[in-house]
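J.: Its first residue numbered 281, the sequence shown is counted upward by one per residue in this note's numbering.
Glycine residues also receive a C-beta, built at the ideal position from the N, C-alpha and C atoms.
Given the structure is predicted, the values throughout are model-derived calculations rather than measurements.
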Amino acid sequence: MRHQYSLVRIILAVLIAATLTGCVFAAKPYGKHSLITYVVDWEVPSNIAWGKIDHAIYSFAEPNSKGQLGSFSASSLSKVIKEAHAHGVGVSLAVGGWTGSKYFSHLVDSTHRAGFVNTLVNTVKHYDLDGINIDWEFPNSADGMACNARSSKDTANYYSFLQLLRKKLDQAVKNKKVILTAATATLPFNDASGNPSKSVAEFSKVLDYVLIMSYDINGSWNTIAAPNSPLFEPGHGLPGSGSSGVAAWKKAGFPADRLHLGIPFYGWTTKIKTNVAKTGDFYVPFESPQIKGDQYDTSSADPCKGATASYSGDMQYRSVVADGILSSKNGWKYFYDKHTATAWSYNQKKQQWVTFDDTHSANVKAKWAKQNKLAGVMIWSLEM
Numbered sequence: 281m282r283h284q285y286s287l288v289r290i291i292l293a294v295l296i297a298a299t300l301t302g303c304v305f306a307a308k309p310y311g312k313h314s315l316i317t318y319v320v321d322w323e324v325p326s327n328i329a330w331g332k333i334d335h336a337i338y339s340f341a342e343p344n345s346k347g348q349l350g351s352f353s354a355s356s357l358s359k360v361i362k363e364a365h366a367h368g369v370g371v372s373l374a375v376g377g378w379t380g381s382k383y384f385s386h387l388v389d390s391t392h393r394a395g396f397v398n399t400l401v402n403t404v405k406h407y408d409l410d411g412i413n414i415d416w417e418f419p420n421s422a423d424g425m426a427c428n429a430r431s432s433k434d435t436a437n438y439y440s441f442l443q444l445l446r447k448k449l450d451q452a453v454k455n456k457k458v459i460l461t462a463a464t465a466t467l468p469f470n471d472a473s474g475n476p477s478k479s480v481a482e483f484s485k486v487l488d489y490v491l492i493m494s495y496d497i498n499g500s501w502n503t504i505a506a507p508n509s510p511l512f513e514p515g516h517g518l519p520g521s522g523s524s525g526v527a528a529w530k531k532a533g534f535p536a537d538r539l540h541l542g543i544p545f546y547g548w549t550t551k552i553k554t555n556v557a558k559t560g561d562f563y564v565p566f567e568s569p570q571i572k573g574d575q576y577d578t579s580s581a582d583p584c585k586g587a588t589a590s591y592s593g594d595m596q597y598r599s600v601v602a603d604g605i606l607s608s609k610n611g612w613k614y615f616y617d618k619h620t621a622t623a624w625s626y627n628q629k630k631q632q633w634v635t636f637d638d639t640h641s642a643n644v645k646a647k648w649a650k651q652n653k654l655a656g657v658m659i660w661s662l663e664m
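(1) What's the call for H516, buried or exposed, on a 16-neighbour Cβ count within 10 Å?
(2) Grab me the residues of N652's own chain with a C-beta within less than 6 angstroms of its C-beta, minus the 5 sequence neighbours each way, in chain order.
(3) Taking DSSP as the reference, what is the three-state secondary structure of D594?
(4) Per DSSP, what kind of secondary structure is F545 in: helix, strand or coil?
(5) By the 10 Å Cβ neighbour count, where 16 or more other Cβ atoms means buried, how is W322 classified, buried or exposed?
(6) Expressed to the nearest angstrom, what Euclidean distance is found between the alpha-carbon atoms of F566 and G560?
(7) Is T639 helix, strand or coil by DSSP?
(8) Check each candidate in E482, T554 and F441 and name the one with the smallest Cα separation from N398.
(9) Cα separation between L444 and P535?
(10) Is L373 closer than 8 angstroms to Y318 when the C-beta atoms are compared?
(11) Taking 8 angstroms as the cut-off, decide whether the C-beta atoms of S608 and A621 are in contact.
(12) Taking the alpha-carbon positions, what's the K362 to S314 distance?
(13) What do you reckon, are the CB atoms on V486 and Y439 nearer than 8 angstroms?
(14) Exposed or buried, K478, counting other C-beta atoms within 10 Å across all chains shown (16 or more means buried)?
(15) Given this structure, state the Cα-to-Cα distance separating A307 from F469, to the nearest angstrom.
(16) Measuring only the C-alpha atoms, how far is V320 from S661?
(17) Pick helix, strand or coil for G395, following the three-state DSSP scheme.
(18) Taking the alpha carbon of H392 as the reference point, which residue from D434, K382, K346 and N402 has its own alpha carbon closest?
(19) Can you give me the C-alpha to C-alpha distance between A436 and D471, rounded to a whole angstrom?
(20) Where do the N-terminal and C-terminal ends of the beta strand (DSSP E) with H238 fall, by residue?
(21) In whole angstroms, what is the alpha-carbon distance linking G302 and T578?
(22) Specify the secondary structure class of Q632 as computed by DSSP and reduced to three states.
(23) Measuring alpha carbon to alpha carbon, tell me which of D638, A587 and K618 ends up nearest G604.
(24) Could you give the DSSP three-state label for P309: helix, strand or coil?
(25) Hey, out of L460, S421 and W529, whose CA is closest to V401's CA?
(26) Is DSSP giving C303 helix, strand or coil here?
(27) Can you tell me whether Y669 is helix, strand or coil according to DSSP?
(28) When DSSP labels each residue in this structure, what does K585 get in the three-state scheme?
(29) Roughly how many angstroms lie between the CA atoms of T554 and D410, to the nearest whole one?
(30) Which residue marks the beginning of the beta strand (DSSP E) containing V526, and which one marks its end?
(31) Which residues in the same chain have their Cβ closer than 7 angstroms to the Cβ of F352, if we skip the five residues on either side of it in sequence?
(32) Pull up the CB-CB distance for S509 and P544, whole angstroms please, since I reckon it's below 8 angstroms.
(33) Around the Cβ of T588, are there at least 16 other Cβ atoms within 10 angstroms (buried) or fewer (exposed)?
(34) Less than 8 angstroms separating the beta-carbons of A429 and S385?
(35) When the Cα atoms are used, what is the spatial distance from V601 to A649?
(36) Pick from S590, G380 and T635: whose alpha carbon is nearest that of I552?
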């Protein structure tokens, strides 16, 4: 795990100065959460460096059509909470996710939200959780899973649901403040018209933090190769970046000091026939179908009727290290792109290109978060 923790150490070293925003977290009863990391149920690291993180989010609890939570190991969650609490670290439970957002639209409507809230409150009490992280990235949007339910009332209902959840948690848990966070896309939740909301200021009344998922911005759905997680927009007709995401949420009225910038511990790889290591320009068409990323990448399909299986092309940071990519070994040639604050590499023999974040890019992004007075950064995810 030392390579994963080297990234954590770099990020922590940058954030620790003045607790990022001057003691803003220290003034709150539940402490500071400047470095948040996701811990996934399917591969919990055997030795988590709790002293290097401020808050952990255990992923995922997926709600069914009745709002009952599943798809996670209760014993594993309990073990993580016990270890975290022994080190003074809080734990939130992530609810939803890519395959776990199918029923959110129904669960937060006026008919079902009270029951769903009750389930979440009871879950917090049962496990002694310190927070709930709602991972519903695409209210009233077709950008999520094809079989996700959606409605023009999604975002309004989402707010009403969070209002009720905040109220019921405060009533049920008296010994601490249970934090509420939301994992989001780079643009604010869609309004009733299906466009990004111009104002999300009311969400700051019910959410403690918004965690901007500033990764998977580019990938196999593009027509040309581009960085997985650009801090700044790359151009070439490719909108979207970490900085533009922060700007969008701020413009819509969500406070900067309650935003976390997402940093991925993985990259995306694809086949490119052009020798981009020679030209230096990787913004070129790539081959299809999507190739297998690394040994951890499996071909899978969304749980929707008619969905076809494919690889994600994800390459985890531990694989980047193991394959000698960082040190330009085994046929790889490493590059750092200052314009987007991301790393990339090309293997001419394999005709394979990969975009990823390393200690250099993580350092730049953490510094940028500090300079822009954000709440901190979020990592997806620790086992990678």
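T.: In short:
(1) By the 10 Å Cβ count, H516 comes out exposed.
(2) There are no such residues.
(3) Strand.
(4) In the structure shown, F545 adopts coil according to DSSP, grouped into three states.
(5) Counting other Cβ atoms within 10 Å of its Cβ, W322 stays below 16 and is therefore classed as exposed.
(6) F566 and G560 have their alpha carbons spaced roughly 15 angstroms apart.
(7) Helix at T639.
(8) Ranking the options by Cα distance to N398, first place goes to F441.
(9) Straight-line Cα distance between these residues: approximately 22 angstroms.
(10) Contact annotation: Y318 and L373 have beta-carbon atoms that are not nearer than 8 angstroms.
(11) When the beta-carbon positions are compared, S608 and A621 stay at least 8 angstroms from each other.
(12) Those two C-alpha atoms are separated by around 21 angstroms.
(13) Cβ atoms of V486 and Y439: closer than 8 angstroms.
(14) By the neighbour-count rule (16 or more Cβ atoms within 10 Å), K478 is not buried but exposed.
(15) Legend: pLDDT at A307 = 30, less than 50; position of this residue unreliable, no value from coordinates given.
(16) Each residue's Cα considered, the two are about 7 angstroms apart.
(17) G395 falls in the helix class under three-state DSSP.
(18) In this structure, K346 is the residue among D434, K382, K346 and N402 with its C-alpha nearest to the C-alpha of H392.
(19) In this structure, the alpha-carbon of A436 lies about 8 angstroms from that of D471.
(20) In the structure as shown, the chain begins at 281 and stops at 664. Residue 238 is therefore absent and cannot be evaluated.
(21) Note on G302: pLDDT 32, under 50, position unreliable in the model; no value is reported.
(22) Three-state DSSP puts Q632 in a strand.
(23) Closest option to G604, Cα to Cα, is D638.
(24) Confidence at P309 is low in this model, with a pLDDT of 36, below 50, so its placement is unreliable and no value can be given for it.
(25) Nearest option by C-alpha distance: L460.
(26) Residue placement at C303 is poorly supported in this model, since its pLDDT is 29, which falls under 50; the coordinates are not used for a value here.
(27) Given a span of 281 to 664 for the chain in the structure shown, any question on residue 669 remains unanswerable.
(28) DSSP places K585 in the coil class of the three-state scheme, outside both helix and strand.
(29) Distance between the alpha carbons of T554 and D410 is about 50 angstroms.
(30) Counting along the chain, no beta strand (DSSP E) covers V526; the unbroken alpha helix (DSSP H) around it starts and ends at G522 to K531.
(31) Non-local C-beta neighbours of F352 in its own chain, meaning closer than 7 angstroms and more than five positions away in sequence, comprise D321, F340 and A341, ordered along the chain.
(32) Contact between S509 and P544 holds, since their C-beta atoms are separated by about 5 angstroms, short of 8 angstroms.
(33) A residue is called buried once 16 or more other Cβ atoms fall within 10 Å of its Cβ, and T588, having fewer, is exposed.
(34) Contact: yes.
(35) If you take the alpha carbons of V601 and A649, they lie about 25 angstroms apart.
(36) When each option's Cα is compared against that of I552, the closest is T635.
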